[in-house]
Amino acid sequence: MHISAKADYATRALLELAREPARPLTCEAIASAQQIPFRFLKSVVGELRRAGLVRSQRGCEGGYWLGRPADEITLLDVARAVDGELITLRGEPLTGLAYPGPAAGLPGVWRRIEAEAAALLGATTLTALLPEGSVARVDRKGAA
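Residue numbering for the sequence shown follows the working numbering, beginning at 19 and increasing consecutively.
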């Protein structure tokens with residue numbers, strides 16, 4: 019199984035945003051804090067914005083915030099936002115995969131691995147990953 023750099027960087031960026039949800043962070047600040055290449059992070063954050071996981075504001079008071087509360091964003095949301103399918107075989111989804119003869123049971127194993135990975139990632143929120151007490155709690159409108 020392969021975890022992409024995009025999924026790793028996206029999750030780390032979202033965790034930075036979740037740590038202080040009341041104030042915006044710039045891509046530069048996130049890249050510096052997480053030691054992520056800035057140009058790569060900029061494109062990843064764009065994908066997160068299109069998926070609704072972050073929101074942005076331009077200008078001197080601008081930056082990025084979480085698009086939803088940290089306890090509503092799962093690792094599965096992040097992986098699907100930046101990578102699409104969770105697990106592929108030679109770049110193709112596992113849904114229609116079928117093999118003949120003695121290999122006929124193998125696609126079921128691949129699909130089970132995908133289902134179990136999706137269950138684990140879907141049960142893990144950003145809040146669960148943050149150290150205890152490290153999040154300033156905010157209401158749904160972003161006010162502290």
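The C-beta atom is built at its ideal place from N, Cα and C for all residues, glycine as well.
- prompt: Sorted by chain position, which residues of the same chain lie with C-beta nearer than 7 Å to L147's C-beta, five sequence neighbours on each side aside?
  reply: Indexing the sequence shown from 1 puts residue 147 at position 129. Excluding positions up to five away in sequence, the list reads L33.
message: Rounding to the nearest angstrom, what Cα-Cα distance links T92 and L115 in this structure?
response: Position 74 of the sequence shown, counted from the start, is the residue given in the question as residue 92. Position 97 of the sequence shown, counted from the start, is the residue given in the question as residue 115. Using only the alpha carbons, I get a separation of about 27 Å.
- request: Less than 8 Å between the CB atoms is what I'm expecting for G94 and A136, so what's the real figure, rounded?
  value: For this step, residue 94 is matched to residue 76 along the sequence shown. For this step, residue 136 is matched to residue 118 along the sequence shown. Residue 94 is actually Leu in this sequence, not Gly. Contact holds; Cβ gap of about 6 Å.
Beta-carbon proximity check, K60 vs C45, cutoff 8 Å: Position 42 of the sequence shown, counted from the first residue, corresponds to residue 60. Position 27 of the sequence shown, counted from the first residue, corresponds to residue 45. One thing to note: K60 has its Cβ within 8 Å of the Cβ of C45.
message: Which residue marks the beginning of the alpha helix (DSSP H) containing R130, and which one marks its end?
response: Locating residue 130 in the sequence shown gives position 112, counting from the first residue. Its alpha helix (DSSP H) spans residues L124 to G140.
Rounded C-alpha distance that separates T145 from D89: The residue you call residue 145 lines up with position 127 of the sequence shown. The residue you call residue 89 lines up with position 71 of the sequence shown. Going by the C-alpha atoms only, they are around 5 Å apart.
message: By the DSSP assignment, the beta strand (DSSP E) with G73 in it spans what residues?
response: What you label residue 73 is simply residue 55 of the sequence shown in a count that begins at 1. Here residue 73 turns out to be Arg, not Gly, going by the sequence shown. Where R73 is concerned, the enclosing beta strand (DSSP E) starts and stops at V72 to Q75.
field: Own chain partners of G70 with C-beta closer than 8 Å, once the 5 adjacent residues on each side are dropped
entry: On the sequence shown, residue 70 is found 52 positions in, with the first residue counted as 1. Spatial neighbours of G70 in its own chain (CB-CB distance under 8 Å, excluding positions within 5 residues in sequence) are listed in chain order as G85 and R86.
- prompt: Does DSSP classify P39 as helix, strand or coil?
  reply: Position 21 of the sequence shown holds residue 39. Residue state for P39 is assigned as coil, using DSSP reduced to three classes.
- prompt: Touch check for the stretch 100-117 and the stretch 126-140: three-plus C-beta pairs under 8 Å?
  reply: Using a C-beta cut-off of 8 Å, the stretch 100-117 makes contact with the stretch 126-140, since at least three inter-stretch Cβ pairs fall below that distance.
- request: Give the C-beta separation of Y27 and V72 to the nearest angstrom, bearing in mind that I take them to be a contact with Cβ-Cβ under 8 Å.
  value: Here the question's residue 27 lines up with position 9 in the sequence shown. Here the question's residue 72 lines up with position 54 in the sequence shown. The Cβ separation is near 13 Å, so there is no contact.
field: For A69, three-class secondary structure by DSSP
entry: Position 51 of the sequence shown, counted from the first residue, corresponds to residue 69. Looking at A69 - three-state DSSP - the assignment turns out to be coil, as it is neither helix nor strand.
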